[in-house]
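Trainee: One structure follows; several queries about it will come next.
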Amino acid sequence: MILIFSITDDYSTAMVINWLLHLKKKFIRINEDTDAKLISITEKDFIININGKTIHSNEITKIWYRRGDIDFVKNFNSQHISNYLSAENASLMEYIHFTFDKKDGINNFKTRDINKLHLLDLCSKLKIPAPNFIVTGNKEALLEFYKQEKNIISKPLNAPLSIFDTDDFIHLTYTTEITVADIEALPNEFVPTFFQKNILKSYEIRCFYLNGNFYAMAIFSQNNSKTKVDFRNYDRSKPNRITPYLFPKYYERKIKGLLDNMGLNCASFDVVLSKEDQQYYFLDLNPIGQFGMVSSPCNYNLEKEIALNL
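Mapping of the sequence shown onto the working numbering: position 189 corresponds to residue 498, and the numbering continues sequentially without gaps.
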């Protein structure tokens, strides 16, 4: 049986499940609001009840960690009791995550969060070119970095900030180009922020990786002022041209080495090809990133590939 961890409104999960149904593979999906109860844990097995169905851990043959988690502790009126039970649940979940992570499948709890700075350290260690960066909250240090690199951007170290307006429209913090005027407007000390050299690109590549296979898409975003810094800032009136893409084998080997080092068998990552030196520069990686934007335009049918790998 396949155990899927996801969230309620994840469209990609639903598309993979359609293929699991077609392939007649047994599965259970757990969302963040799923009714889950722990029956028992012993040294041999643990038993949980999911939406009224009892499952033994030894029945689970594959895990697909897409998103979300499982929670056995409900809210209590007493904050003191709630805090205590949350701590108990954390210890319990640490063991359950550990047990699930030993099973075969696609991604796991241990690798669901990637630290950007750790990722860049690994790129350096494995000789995978990435843009120079600085994390600083000091105006003078940032100005020196700007003078060194000539062209810089800023982006979140973690997930983008999402803000909903009065019309319930979401606004996201995208990668932003930083000018001298921006730096001069800063106070002498500010919140430590991630800054990086802005690579002038020939084109950008978004790639989905699954068990040694690369499914890449080139995005010609460089000639549109709205998307040249961050292609996610879509221009729906003038969409970027996209096309399936093949990395050279030497670069695939480098990236596979990086992902193996991180314990990942599935991820989405972004690369740019520099206009100046025609070299690939690794930008970012997300183990739980969206893959539909690569799957459909390039006819990769990744939803089927994921289902076949489960």
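A virtual CB, placed ideally from N, CA and C, is assigned to each residue, including glycine.
Spatial neighbours of PRO440 within its chain, please: CB distance less than 6 Å, with the 5 preceding and 5 following residues excluded, ordered by chain position.
Mentor: Excluding residues within five positions, the ones whose Cβ falls inside 6 Å are GLN505, LYS506, ILE508, TYR590.
Trainee: State yes or no: is the C-beta of LEU435 within less than 8 Å of the C-beta of MET571?
Mentor: Going by C-beta atoms, LEU435 is not nearer than 8 Å to MET571.
Trainee: Comparing alpha-carbon positions, which option in ASN497, THR502, GLU493 lies nearest THR484?
Mentor: Cα-wise, what sits closest to THR484 is THR502.
Trainee: What span of residues does the alpha helix (DSSP H) with LEU312 cover, start to end?
Mentor: It is not in any alpha helix (DSSP H) - LEU312 instead sits in the beta strand (DSSP E) that spans 311-314.
Trainee: Using the C-alpha atoms, what's the distance from ARG550 back to ASP544?
Mentor: Low confidence applies here, because ASP544 scores a pLDDT of 46, under 50, leaving its location unreliable; read the following figure in that light. If you take the alpha carbons of ASP544 and ARG550, they lie about 11 Å apart.
Trainee: Rank PRO553, TYR393, ALA576, LEU495 by C-alpha distance to the C-alpha of PRO606 and give the top, closest one.
Mentor: Residue PRO553 is the option with its Cα nearest to PRO606.
Trainee: So the beta strand (DSSP E) ASP579 belongs to, where does it begin and stop?
Mentor: Its beta strand (DSSP E) spans residues 575-583.
Trainee: Less than 8 Å between the CB atoms is what I'm expecting for GLY414 and ILE372, so what's the real figure, rounded?
Mentor: Contact holds; Cβ gap of about 4 Å.
Trainee: Alpha carbon to alpha carbon, how far is ALA616 from LYS510?
Mentor: If I take the Cα positions, the gap works out to 35 Å.
Trainee: When burial is assigned at 16 or more other CB atoms within 10 Å of the CB, is PRO255 buried or exposed?
Mentor: No statement about residue 255 is possible, as the shown extent of the chain runs from 310 to 619 and does not include it.
Trainee: May I ask which residues mark the beginning and end of the beta strand (DSSP E) holding THR363?
Mentor: From DSSP, the beta strand (DSSP E) with THR363 extends over 362-365.
Trainee: Please specify which runs of the alpha helix (DSSP H), each continuous and at least 4 residues long, are wholly inside the region 341-426, giving them in chain order.
Mentor: List check, alpha helix (DSSP H) in window: 388-410.
Trainee: Kindly confirm or deny that the region 510-526 and the region 449-465 touch, where touching means at least three C-beta pairs closer than 8 Å.
Mentor: These segments do not touch.
Trainee: Mapping the DSSP letters down to three states, classify CYS432 as helix, strand or coil.
Mentor: CYS432: helix per DSSP, three-state reduction.
Trainee: Evaluate ALA527 with the Cβ neighbour count: other Cβ atoms within 10 Å of its Cβ, from every protein chain shown; 16 or more gives buried, anything less gives exposed.
Mentor: It is buried - the Cβ of ALA527 has at least 16 other Cβ atoms within 10 Å.
Trainee: Comparing C-alpha positions only, which one of ALA490, GLU449, LEU611 sits nearest to CYS575?
Mentor: Of the listed residues, the one whose Cα sits closest to CYS575 is LEU611.
Trainee: What is the DSSP secondary structure of LEU519, reduced to helix, strand or coil?
Mentor: Note: LEU519 maps to strand in three-state DSSP.
Trainee: Is the region 401-416 touching the region 345-363 in the sense that three or more CB pairs, one from each, lie closer than 8 Å?
Mentor: They touch, by the three-pair rule.
Trainee: Classify LEU426 as buried or exposed, calling it buried when 16 or more other Cβ atoms lie within 10 Å of its own Cβ.
Mentor: Exposed is the call here.
Trainee: What's the call for MET324, buried or exposed, on a 16-neighbour Cβ count within 10 Å?
Mentor: Answer is buried; the Cβ neighbour count reaches 16.
Trainee: ILE313 and ARG338: beta carbons closer than 8 Å?
Mentor: In this structure, ARG338 lies closer than 8 Å to ILE313 by Cβ.
Trainee: Assuming contact is defined by CB atoms lying nearer than 8 Å, are ILE437 and LYS563 in contact in what I supplied?
Mentor: Contact: yes.
Trainee: Quick check: the Cα distance between GLU486 and ASN447, rounded to an integer number of angstroms?
Mentor: For GLU486 and ASN447, the distance between alpha carbons rounds to 18 Å.
Trainee: Using 8 Å for Cβ pairs, my map puts PHE336 next to ILE359. What's the rounded Cβ distance?
Mentor: PHE336 to ILE359, Cβ: 11 Å. No contact.
Trainee: Are the beta-carbon atoms of GLN599 and SER315 separated by less than 8 Å?
Mentor: It is not a contact, given that the beta carbons lie outside the stated cut-off.
Trainee: Flag this pair as yes or no: are the beta carbons of VAL603 and TYR524 separated by less than 8 Å?
Mentor: Result yes, Cβ atoms of VAL603 and TYR524 sit closer than 8 Å.
Trainee: What whole-angstrom Cβ distance do PHE418 and TYR374 have, given they're in contact under 8 Å?
Mentor: Confirmed, Cβ separation roughly 6 Å.
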